[in-house]
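Below: one structure, written as structure tokens.
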Amino acid sequence: MGNKAVLVVGAGISGITAALEASEVGYEVFLLEKRPYLGGRVAQLNQYFPKLCPPNCGLEINLRRVKNSPYIKYFTQAEVEEITGQEGNLTVKVRLAPRYVNNNCTACGKCVEVCPAERPNDFNFGLDKTKAIYFPHLFAFPAKYVIDSQACQGTACGKCVAACPVGAIDLNMQPQTITLQVGSVIWATGWDPYDLTKLTQYGSGQYPNVITNMMMERLAAESGPSGGQILRPSDGKAVKRIAFVQCAGSRDENHLSYCSGVCCLASLKQATYVREKHPDAEIYMFYIDIRALGRYEDFFVRVKEMGINLVKGKVGTITEDATTKDVILEVEDQEAGRLLKETFDLAVLATGMAPTTRSTPPPVEATLNKEGFIVDAVPGVYGAGCANRPMEVAASVQDATAAAMKAIQSVVGR
Numbered sequence: 018m019g020n021k022a023v024l025v026v027g028a029g030i031s032g033i034t035a036a037l038e039a040s041e042v043g044y045e046v047f048l049l050e051k052r053p054y055l056g057g058r059v060a061q062l063n064q065y066f067p068k069l070c071p072p073n074c075g076l077e078i079n080l081r082r083v084k085n086s087p088y089i090k091y092f093t094q095a096e097v098e099e100i101t102g103q104e105g106n107l108t109v110k111v112r113l114a115p116r117y118v119n120n121n122c123t124a125c126g127k128c129v130e131v132c133p134a135e136r137p138n139d140f141n142f143g144l145d146k147t148k149a150i151y152f153p154h155l156f157a158f159p160a161k162y163v164i165d166s167q168a169c170q171g172t173a174c175g176k177c178v179a180a181c182p183v184g185a186i187d188l189n190m191q192p193q194t195i196t197l198q199v200g201s202v203i204w205a206t207g208w209d210p211y212d213l214t215k216l217t218q219y220g221s222g223q224y225p226n227v228i229t230n231m232m233m234e235r236l237a238a239e240s241g242p243s244g245g246q247i248l249r250p251s252d253g254k255a256v257k258r259i260a261f262v263q264c265a266g267s268r269d270e271n272h273l274s275y276c277s278g279v280c281c282l283a284s285l286k287q288a289t290y291v292r293e294k295h296p297d298a299e300i301y302m303f304y305i306d307i308r309a310l311g312r313y314e315d316f317f318v319r320v321k322e323m324g325i326n327l328v329k330g331k332v333g334t335i336t337e338d339a340t341t342k343d344v345i346l347e348v349e350d351q352e353a354g355r356l357l358k359e360t361f362d363l364a365v366l367a368t369g370m371a372p373t374t375r376s377t378p379p380p381v382e383a384t385l386n387k388e389g390f391i392v393d394a395v396p397g398v399y400g401a402g403c404a405n406r407p408m409e410v411a412a413s414v415q416d417a418t419a420a421a422m423k424a425i426q427s428v429v430g431r
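Numbered per the working numbering, the sequence shown spans residues 18 to 431.
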């Protein structure tokens with residue numbers, strides 16, 4: 018008799034969707050997430066396109082469904098170490114990193130008030146800092162604090178332990194290994210922004226006013242490091258002149274050879290952020306070609322009419338004025354047939370989507386293409402969302418639903 022439970026690895030929009038789809042037809046689901054919260058990259062967005070609504074309006078509903086489901090058991094700070102067995106009868110070893118905060122936590126925040134140590138805020142891509150004990154983000158689920166063991170002074174300090182009124186902090190908490198028995202696995206580990214340090218022509222991440230498109234999402238978010246004001250990281254000044262640089266590391270055999278499919282739309286969306294917050298700002302977008310296919314063509318036309326300077330040409334280099342920290346872009350305007358050298362307050366790089374499977378493939382026999390996306394895997398293991406290919410949120414939801422159906426077919430009747 019086979020096992021009818023489904024394991025979902027990754028609790029971004031794809032993983033959450035797959036877990037809900039399988040659970041709502043009566044299958045037990047284990048949902049794993051390596052971060053201390055569920056929601057993945059979507060939780061870091063300011064707005065979805067093309068409706069330009071905040072992601073929490075949809076994500077919150079799905080997280081509530083996860084919380085209330087009798088069939089879903091979720092684990093945060095969890096990573097798969099080993100998968101053995103065969104379709105319908107798989108054994109999975111999972112390592113759970115210590116949170117150092119237990120379920121007594123009421124998120125009162127008294128621990129933060131006394132914590133003396135700080136850490137870069139990874140949710141905001143290092144644009145600000147948190148204390149060593151921190152709440153992952155405003156809408157984090159599960160709604161409890163977590164301690165960064167690399168920043169925390171441990172029992173040598175212990176101020177948070179003394180301040181906690183409900184005994185929620187355990188600085189001696191240890192890693193655990195659990196074993197799950199499942200019939201099938203959905204691998205939905207998502208994507209990472211392409212590594213800025215590899216883009217030497219754009220400063221390798223050394224210029225504070227050259228940021229990624231995901232960093233821009235956090236700058237524009239009201240819950241972000243600048244309260245939703247689009248300010249220069251170097252000096253906190255409002256942005257008056259901004260450049261969006263397309264295909265930063267994408268469609269390039271030296272980096273990512275493929276088009277991520279969403280970067281043009283993301284930059285167009287972010288241009289609306291700038292126009293809303295700074296109506297008089299000069300907005301430039303340097304591109305190879307604009308890819309806003311199908312129903313997104315109307316979105317492109319609408320944003321173009323907002324007064325954006327579209328320049329067809331791939332930016333060759335970005336340098337920095339050491340005194341002002343302005344950034345200087347050199348690019349060929351292909352339509353005008355001239356070389357441009359323009360100065361901006363801020364440059365936003367449309368970095369591509371690199372699958373996490375590129376660096377951390379699933380621990381099973383699987384075929385990955387040269388870019389690290391899942392092509393095929395052993396029976397009973399299925400990729401979902403951006404583990405399969407670059408895609409936007411709506412397509413990720415559809416792909417995750419298909420993966421849930423495959424996972425169910427692996428265990429039904431066994």
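From the three backbone atoms N, C-alpha and C, an ideal C-beta is built for every residue, glycine too. Bear in mind the structure is a predicted one, so any value in this text is a computation, not a measurement.
For V42, there is no enclosing beta strand (DSSP E), as DSSP marks it with neither H nor E. With contacts defined by Cβ atoms closer than 9 Å, N138 and K146 form a contacting pair.
Per the Cβ contact rule, the stretch 25–33 is in contact with the stretch 49–64 (3 or more Cβ pairs under 8 Å). Nearest Cα to E270 within the set D343, K387, G57: K387. The C-beta distance from K215 to H272 rounds to 6 Å, short enough to fall under 8 Å. Spanning the alpha carbons of E382 and N63 requires a straight line of approximately 37 Å.
In this model, R235 and A309 are separated by some 23 Å (Cα to Cα). In the DSSP assignment, G400 forms a beta bridge with W204.
Taking V118 as reference, the option from P182, R82, T384, R58 with the minimal CA-CA separation is P182.
Under the 10 Å beta carbon count, L366 is surrounded by 16 or more other beta carbons and is classified as buried. Within the same chain, and ignoring the five residues on either side of Y91 in sequence, the residues whose Cβ sits closer than 6 Å to its Cβ are L48. In this structure T368 touches G266 by the C-beta definition: roughly 6 Å separates them, less than 8 Å. Distance from the Cα of R58 is smallest, within the candidate group I89, E409, A419, for E409. Linking V398 to G200 through their CA atoms gives a straight-line distance of about 9 Å.
The beta carbons of L197 and A401 sit no closer together than 9 Å. G56 is not a Cβ neighbour of F142, given a cutoff of 9 Å. Cβ contact annotation for E349 (same chain, cutoff 6 Å, sequence separation greater than five): G330, L356, in chain order.
Across the set A288, I305, Y304, F303, the C-alpha of A288 shows the shortest separation from the C-alpha of D297. Contact between L282 and F316 holds: their C-beta atoms lie close to 7 Å from each other, under 8 Å. Taking 9 Å as the cut-off, the beta carbon of A255 is found no closer than this to the beta carbon of G245. Judged by DSSP in its simplified three-state form, M233 adopts helix. Ranked by Cα distance from D252, the options V83, H295, K342 are led by K342. With respect to the C-alpha of M233, the residue from V291, A420, A394, G311 having the closest C-alpha is V291.
In this structure, P53 lies near P153, with their beta-carbon atoms less than 9 Å apart.
Annotation for M370: no alpha helix (DSSP H) segment contains it, though the beta strand (DSSP E) segment containing it runs 370–372.
Pairing I164 with V111 gives a Cβ-Cβ distance that is not under 9 Å. With a cutoff of 9 Å on beta-carbon distance, P67 and R312 are scored as near each other. Here M408 carries a coil assignment [DSSP, helix/strand/coil]. Within the same chain, K176, C177, A180 come within 7 Å of V131 by CB-CB distance, once the 5 residues on both sides are set aside.
Under the DSSP assignment, T360 falls in the beta strand (DSSP E) whose first and last residues are 355–361.
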